[in-house]
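Notes follow the structure.
Structural data, given as structure tokens:
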């Protein structure tokens, strides 16, 4: 016999279900951060909710999201010497990045350009920026919103992967990294999508049916358990 109990996750709080296991979901860290406000295991919900609500992430959350992205879509692509042209391999990597970025609609990104040590620091700084911009332009051509890209920057020759003064393909690269969550609409409060992200942080979803309300930012979760 099935019992159904309904709960409503409002736009400003996270409600724990007694039937749920103490397990983190999706791509967030198992090591909670922030003050103990409500008591374990949901004691840091307040600090994390504030971070998400402002469009920022704690350092642990940001690191976890970056690892998640890099594990599913290669974060790095490489270039020929003294070039910002995207070869076919680079385009294939960017296609995978674009698919991931479009799938995770709430997350924003930064793209960083790098060079090897050959050439002057000033020239390499500009070359790194051209490479980063080339990657961003291609992502946009694949349907990624400009608003998803929070920043484009160049480190030039200052962060080599291989310590050499010679030409090195590994050092000639761009890296796409998670920047944080997108900002809220003015006056919109905590939207349904954002609430679901927070919900996934604290509630195990394996025994739940998630029902999204399309209009008012409320999410209903129906818990299913057997006698």
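Residue numbers (the numbering used here): 39 to 265. We treat Cβ as the ideally placed atom computed from N, Cα and C, and that holds for glycine. Values in this document were obtained by computation on a predicted structure and should not be read as measured data.
Taking every protein chain shown into account, the CB of residue 196 has fewer than 16 other CB atoms within 10 angstroms, so this residue is exposed. Within the DSSP bridge table, the entry for residue 148 names 189 and 215 as partners. Each of 111, 97, 109 and 128 was checked against the Cα of residue 170, and the nearest Cα belongs to 128.
When 164, 122 and 104 are compared, the shortest CA-CA separation from residue 135 is found for 104.
Pairing residue 211 with residue 116 gives a Cβ-Cβ distance under 8 Å. Non-local C-beta neighbours of residue 215 in its own chain, meaning closer than 6 Å and more than five positions away in sequence, comprise 104 and 148, ordered along the chain.
For residue 181, same chain residues with a beta-carbon under 8 Å away, outside a window of 5 residues either side, are 136 and 140 in chain order.
At the C-beta level, residue 174 and residue 190 come within 8 Å of one another. Non-local beta-carbon contacts of residue 119 in its own chain, meaning distances under 6 Å to residues more than five positions away in sequence, involve 205 in chain order. In summary, residue 151 is buried, with 16 or more beta-carbon neighbours lying within 10 Å of its beta-carbon over all protein chains present. One alpha carbon belongs to residue 187, the other to residue 146, and they sit about 6 Å apart.
For residue 194, DSSP records a beta bridge to 152. Residue 208 sits away from residue 201, with the two beta carbons spaced by 8 Å or more. Taking C-alpha positions only, residue 219 is separated from residue 153 by approximately 29 Å. A residue is called buried once 16 or more other Cβ atoms fall within 10 Å of its Cβ, and residue 102 is buried on that count. Counting the other Cβ atoms within 10 Å of the Cβ of residue 166 gives 16 or more, which makes it buried.
For residue 103, the uninterrupted alpha helix (DSSP H) segment begins and ends at 97-110. Per the coordinates, the alpha-carbon of residue 164 lies some 22 Å from the alpha-carbon of residue 217. Under the DSSP definition of a beta bridge, residue 116 partners with 211. Spatial neighbours of residue 126 in its own chain (CB-CB distance under 8 Å, excluding positions within 5 residues in sequence) are not present.
For residue 162, the three-state secondary structure derived from DSSP is helix.
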